[in-house]
Amino acid sequence: MIIYKDKLSGDEMFADSYPMREVEDGFFYEVDGSWQTVGEVHVDTGANASAEEAEETVDDTARKVVDIIESFRLVEQPSYDKKAFMAYIKPWLKRVIEKLPEAEQEEFKAKSQSAMKFLLGKIKELQFFLGESMDPESTMAYAYYKDGGSSPTFLFCKYALDGVKM
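So in the UniProt record's numbering, spot 39 of the sequence shown is number 39, and the numbers just go up one at a time.
Laid out in structure tokens, this is it:
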């Protein structure tokens, strides 16, 4: 399995065990999230309880979570408008370029403009997530619901990640 870590913070962002593909000219990994129930779940079988035995009770602490958010401890951030997003993204692009080998820097620059236009076009639909360290200068993950889907799809910048084989 490959774990993808943010080059800027070292936070684990996702793994290749999730359905994923490259989009926007290979700038992003698009990863499918899914809703899951975690915690204890009380199942009522409908059977009559015995009058002789004390009734067993289960603390119903079940909750619904998105698997990627839960597994990698991603932390949702407040929504951004275009102006606030541009204030974040311009310095972030510079930090990522500094971490890239020279051979990838020109490719990153060439693809980043259309990728940022893509994100800005979806800005009102996006949810923003930072890794576990919550470093405000690190790489964000972006989630949205495709065409009325019931589970979120995440976008991770391919160039800002290092794949580490586990």
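Glycine included, C-beta positions come from ideal geometry on N, C-alpha and C.
Helix, strand or coil at residue i [DSSP, three-state]
i: R21; result: strand
i: I123; result: coil
i: A143; result: strand
i: G163; result: strand
i: K5; result: strand
Own chain, CB closer than 6 angstroms to residue i, minus 5 neighbours either side, in chain order
i: R21; result: E30
i: T37; result: A62, K64
Backbone CA spacing between residue i and residue j [nearest angstrom]
i: F108; j: V23; result: 14 angstroms
i: S151; j: F28; result: 18 angstroms
i: Y144; j: K124; result: 10 angstroms
i: M140; j: I2; result: 19 angstroms
i: L126; j: K94; result: 22 angstroms
i: E137; j: P78; result: 15 angstroms
Proximal residues to residue i (C-beta, below 7 angstroms), its chain only, five neighbours per side dropped
i: D25; result: K111, S114
Assumed close pair residue i, residue j - CB separation to whole angstroms, cut-off 8 angstroms
i: L120; j: M13; result: Contact doesn't hold; Cβ gap of about 21 angstroms is too wide.
i: E104; j: Y159; result: 7 angstroms
Cβ shell of residue i (< 8 angstroms), same chain only, five flanking positions each side left out
i: G33; result: Y18, V66, D67, I68, I69, A143, S151, P152, T153, F154
**Prompt:** What are the complete beta strand (DSSP E) segments, minimum 3 residues, inside the stretch 60-124?
**Reply:** 63-66, 75-77
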